[in-house]
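Data block below; observations after.
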Amino acid sequence: MIQDEEGRRKGAVHKELAMPHQGFPQPFNLSPELPVATVFARTPSLDQLLLVCHVTGFYPRPISVAWLQDGCEVPPSPVLNTSTILPNADLTYQLRSILAVAPRDGHSYVCRVQQWTPMHPQSLSLLSPQGKSMKALSINITIMVLHHCTWCYTCR
1 MIQDEEGRRK GAVHKELAMP HQGFPQPFNL SPELPVATVF ARTPSLDQLL
51 LVCHVTGFYP RPISVAWLQD GCEVPPSPVL NTSTILPNAD LTYQLRSILA
101 VAPRDGHSYV CRVQQWTPMH PQSLSLLSPQ GKSMKALSIN ITIMVLHHCT
151 WCYTCR
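See below:
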């Protein structure tokens with residue numbers, strides 16, 4: 001540390017340290033990563049079926065996850081629980097949405113995942129079917145690009 005004539009401290013900058021990022025990796029730009037959704041069911045009791053939609057591997061962070069019952073969005077309620085968005089080790093994100101329903105209620109359920117990215121301003125949407133079966137199922141979903149419209153898909 002250098003001091004002036006009155007004893008006040010003055011900062012000193014080393015020539016080599018004044019050049020930002022020299023010798024260090026440059027900040028990287030992550031390209032958008034599309035989400036992967038897995039849908040499965042759990043039966044914690046005879047009178048309750050938990051439909052789980054696990055969405056992972058997406059970047060950037062903004063994403064929308066909703067459950068559709070017979071093609072209509074399920075509104076927020078005590079039977080719907082969606083986690084906060086959590087980071088993954090690879091700098092992507094994940095979240096989980098759980099919908100509690102009555103077993104064999106006769107409805108079809110779909111987990112809809114929508115992601116908007118600056119490079120792709122249209123909505124990228126995953127539609128993950130959950131049928132009327134009580135069996136747990138795991139489905140890897142393909143991406144469908146939506147252009148200014150919404151597609152509804154229900155499994156039979």
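Following UniProt numbering from start to finish, the sequence shown increments by one per residue and tops out at 156. Ideal Cβ placement from N, Cα and C applies to all residues, glycine included. Since this is a predicted model, take the numbers as computed values, not measurements.
| If you draw a straight line from the alpha carbon of Ser-31 to that of Leu-91, how long is it in whole angstroms? | 11 Å
| field | Rounded distance between the beta-carbons of Ala-37 and Leu-50, thought under 8 Å | value | Rounded to whole angstroms, the Cβ separation of Leu-50 and Ala-37 is 16 Å, and the two are not in contact under 8 Å.
| Exposure label - Pro-76; buried when at least 16 CB within 10 Å | exposed
| message | With a threshold of 8 Å on Cβ separation, who are the neighbours of residue 169 within its own chain once the five nearest residues in sequence on each side are excluded? | response | In this structure the chain extends from 1 to 156, so residue 169 is not present and cannot be described.
| If we ignore side chains and look at the alpha-carbon of each, how far apart do Val-113 and Asp-105 end up? | 23 Å
| said: According to DSSP, Ile-63 sits in a beta bridge with which residue or residues? | reply: Gln-115
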